[in-house]
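When you line the sequence shown up against my numbering, it's residues 526 to 657, in that order.
Idealized CB from N, CA, C, for every residue including glycine.
Presented below is the structure to which this report refers.
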Amino acid sequence: MEINQASKEQNIQQDASCKTPRWLTLKNFLNNLKPKDFKESLQQAIQPILIDVRTAKEFEEYHFEDAINISYFAEDLWDQLNAFPKDSTFFVYCRTGRRSIRVCTLMRNGGFDNHRVYNLDGGVVAWKEVFG
């Protein structure tokens with residue numbers, strides 16, 4: 526019994542040693558743009574699709590002009606995303622960047638062109654720090 530308990534404790538310690546959150550690991554495979562670069566790229570893009578993945582309430586309180594609200598928590602999230610042409614240029618954001626990282630990852634894994642999907646690094650919080 527002692528060996529099994531010691532083994533369990535060692536496994537727990539090994540798991541606890543990984544301090545990198547999953548969302549941060551996913552972020553490394555995406556096109557993350559700081560607010561100024563996000564704004565500039567959005568303005569230069571031809572027919573960009575701007576997606577706000579926050580809740581409807583968050584969207585009502587504040588959102589970027591021309592943004593489409595597709596909540597990260599929507600049961601039909603994938604169906605809504607998949608309705609867009611996969612070769613379009615997408616700019617995705619949320620409050621802090623965590624939900625948008627997951628949505629961008631979903632899009633990448635679902636066949637969208639990873640070179641045309643951009644995440645707002647730091648989300649609306651970072652945007653407001655830069656632009657007010």
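**Asked** Can you tell which of Asp577, Leu555, Cys619 has the C-alpha that lies nearest to the C-alpha of Ala651?
**Response** Residue mapping note: residue 651 aligns to position 126 of the sequence shown, counting from 1. Nearest neighbour of Ala651 by Cα position, chosen from Asp577, Leu555, Cys619, turns out to be Cys619.
**Request:** For Gly657, name the three-state secondary structure that DSSP assigns.
**Result:** Counting from one through the sequence shown, the residue named residue 657 turns up at place 132. It is coil, neither helix nor strand.
**Item:** Reduced DSSP secondary structure (H/G/I, E/B, other) of Asn557
**Value:** On the sequence shown, residue 557 is found 32 positions in, with the first residue counted as 1. Strand at Asn557.
**Prompt:** Could you give the distance in angstroms between the alpha-carbon of Glu654 and the alpha-carbon of Thr630?
**Reply:** By one-based count along the sequence shown, residue 654 stands at place 129. By one-based count along the sequence shown, residue 630 stands at place 105. Roughly 25 angstroms between the two C-alpha positions.
**Asked** Got a sec? Which residues, its chain only, sit under 8 angstroms from Ala518 by beta carbon, not counting five neighbours each side?
**Response** Absent from the structure is residue 518, since the part of the chain shown begins at 526 and ends at 657.
**Item:** Opening and closing residue of the alpha helix (DSSP H) in which Asp604 lies
**Value:** For the purposes of this step, residue 604 is taken as residue 79 along the sequence shown, with counting starting at 1. Segment 602-607, the alpha helix (DSSP H) holding Asp604.
**Message:** If contacts are defined as beta-carbon pairs under 8 angstroms, then Val642 and Tyr597 qualify, I think. What distance do you get, rounded to the angstrom?
**Reply:** Here residue 642 corresponds to residue number 117 of the sequence shown, with the count starting at 1. Here residue 597 corresponds to residue number 72 of the sequence shown, with the count starting at 1. Val642 to Tyr597, Cβ: 15 angstroms. No contact.
**Prompt:** Measuring CB to CB, does Leu494 end up less than 8 angstroms from Asn644?
**Reply:** Residue numbering for the chain in the displayed model covers 526 to 657; residue 494 lies beyond these limits and cannot be assessed.
**Asked** By DSSP, does Ile626 sit in helix, in strand, or in coil?
**Response** Here residue 626 refers to the residue found at position 101 of the sequence shown. Ile626 falls in the helix class under three-state DSSP.
**Asked** Under a Cβ-count criterion, where at least 16 other Cβ atoms within 10 Å of its own Cβ denotes burial, should Lys552 be classed as buried or exposed?
**Response** By one-based count along the sequence shown, residue 552 stands at place 27. Buried is the call here.
**Item:** Range covered by the alpha helix (DSSP H) that runs through Phe584
**Value:** The residue you call residue 584 lines up with position 59 of the sequence shown. Unbroken alpha helix (DSSP H) run through Phe584: 581-586.
**Prompt:** Over what stretch of residues does the beta strand (DSSP E) that includes Ile574 continue unbroken?
**Reply:** Walking along the sequence shown from the start, residue 574 turns up at place 49. For Ile574, the enclosing beta strand (DSSP E) starts and ends at 574-577.
**Request:** Give the straight-line distance between the Cα atoms of His640 and Arg633, rounded to the nearest whole angstrom.
**Result:** Position 115 of the sequence shown holds residue 640. Position 108 of the sequence shown holds residue 633. Their backbone Cα atoms lie some 9 angstroms apart in a straight line.
**Message:** For Ile474, count the other beta carbons within 10 Å of its own beta carbon; 16 or more makes it buried, fewer makes it exposed. Which is it?
**Reply:** For residue 474 there is no data in the structure shown, the boundaries of the chain being 526 and 657.
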